[in-house]
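Numbering (our numbering), first residue to last: 1053 to 1219.
See the structure below:
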């Protein structure tokens, strides 16, 4: 039996914005990552070097990825919330996503996560629906029962079929 081919991760220099810098912390093969999607894990730092959080970009279009887990996951340290750093970090990932032919990204969050909802709104992502997390999902085992699904079009001309979580 042959092993599955490794995902062809690419090398990225630090992604630098006006306030933040993202640096690749590590890459996870699909068998190591949420919902089996290969992922880039970035550290989020203020441009003075202070670490304030992390952001993940998951690559692929599998049903559970786009319906429950989402392409992007982020966390900002509590002391640094309220400065729109999560939205800025998402913006810095756009070129990486486009480099992987991803012209639209799904972002999911729990319905009570007002900070993530505001981040999605700030990005211009469109709320598509609320879905129930299935019992078999890793997210269910983590305690998540429902997810809001937001679609973030990276290119306005992206011709994308909106997948419903009800298929």
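Glycine is no exception: its CB is placed at the ideal position from the N, C-alpha and C atoms.
Note that the structure is a prediction, hence the values are computed from the model and not measured.
Please report the distance separating the alpha-carbon of residue 1092 from that of residue 1113. Indexing the chain shown from 1 puts residue 1092 at position 40. Indexing the chain shown from 1 puts residue 1113 at position 61. Looking at the backbone, the Cα of residue 1092 and that of residue 1113 are separated by about 15 Å.
What did DSSP end up calling residue 1069 once you bin it into helix, strand or coil? Locating residue 1069 in the chain shown gives position 17, counting from the first residue. Under the three-state reduction of DSSP, residue 1069 is assigned to coil, being neither helix nor strand.
Quick check on DSSP: helix, strand or coil for residue 1125? What you label residue 1125 is simply residue 73 of the chain shown in a count that begins at 1. Residue 1125 carries a strand assignment under DSSP once its states are collapsed to helix, strand and coil.
For residue 1132, the nearest candidate out of 1079, 1167 and 1145 (CA to CA): As a position in the chain shown, residue 1132 is number 80, starting the count at 1. The residue with the shortest Cα to Cα distance from residue 1132 is 1167.
Answer yes or no: does any C-beta atom of chain C fall closer than 8 Å to that of residue 1188? The structure shown contains no chain C; it holds only a single protein chain.
Roughly how many angstroms lie between the CA atoms of residue 1196 and residue 1125, to the nearest whole one? For the purposes of this step, residue 1196 is taken as residue 144 along the chain shown, with counting starting at 1. For the purposes of this step, residue 1125 is taken as residue 73 along the chain shown, with counting starting at 1. Residue 1196 and residue 1125 have their C-alpha atoms spaced approximately 14 Å apart.
I'd like to check one pair, residue 1156 with residue 1117: are the Cβ atoms closer than 8 Å? Residue mapping note: residue 1117 aligns to position 65 of the chain shown, counting from 1. Residue mapping note: residue 1156 aligns to position 104 of the chain shown, counting from 1. No. Outside cutoff.
Sequence-distant residues of the same chain with beta carbon closer than 6 Å to residue 1069, five excluded per side: In the chain shown, counting from the first residue as 1, residue 1069 sits at position 17. Hits under 6 Å: 1140 and 1144.
Return the chain-ordered list of same chain residues with a C-beta closer than 7 Å to the C-beta of residue 1064, the five sequence neighbours on each side being excluded. Within the chain shown, numbered from 1, the residue matching residue 1064 stands at position 12. By the criterion of a C-beta distance shorter than 7 Å, residue 1064 is surrounded in its chain by 1076 and 1148, once the five residues flanking it on both sides are discounted.
Since residue 1192 is in the alpha helix (DSSP H), which residue starts that stretch and which ends it? The residue you call residue 1192 lines up with position 140 of the chain shown. Segment 1190 to 1193, the alpha helix (DSSP H) holding residue 1192.
Residue 1220 to residue 1111, Cα distance in whole Å? Since the first residue of the chain shown is 1053 and the last is 1219, residue 1220 is not available in this structure.
If we ignore side chains and look at the alpha-carbon of each, how far apart do residue 1218 and residue 1202 end up? As a working mapping, residue 1218 is identified with position 166 in the chain shown. As a working mapping, residue 1202 is identified with position 150 in the chain shown. Reliability fails at residue 1218, whose pLDDT of 48 lies under 50, so the model's placement of it is uncertain and the value that follows must be treated cautiously. Answer to the nearest angstrom: the Cα atoms are 15 Å apart.
By DSSP, does residue 1087 sit in helix, in strand, or in coil? Counted from its first residue, the chain shown places residue 1087 at position 35. Reduced to three states, the DSSP call for residue 1087 is helix.
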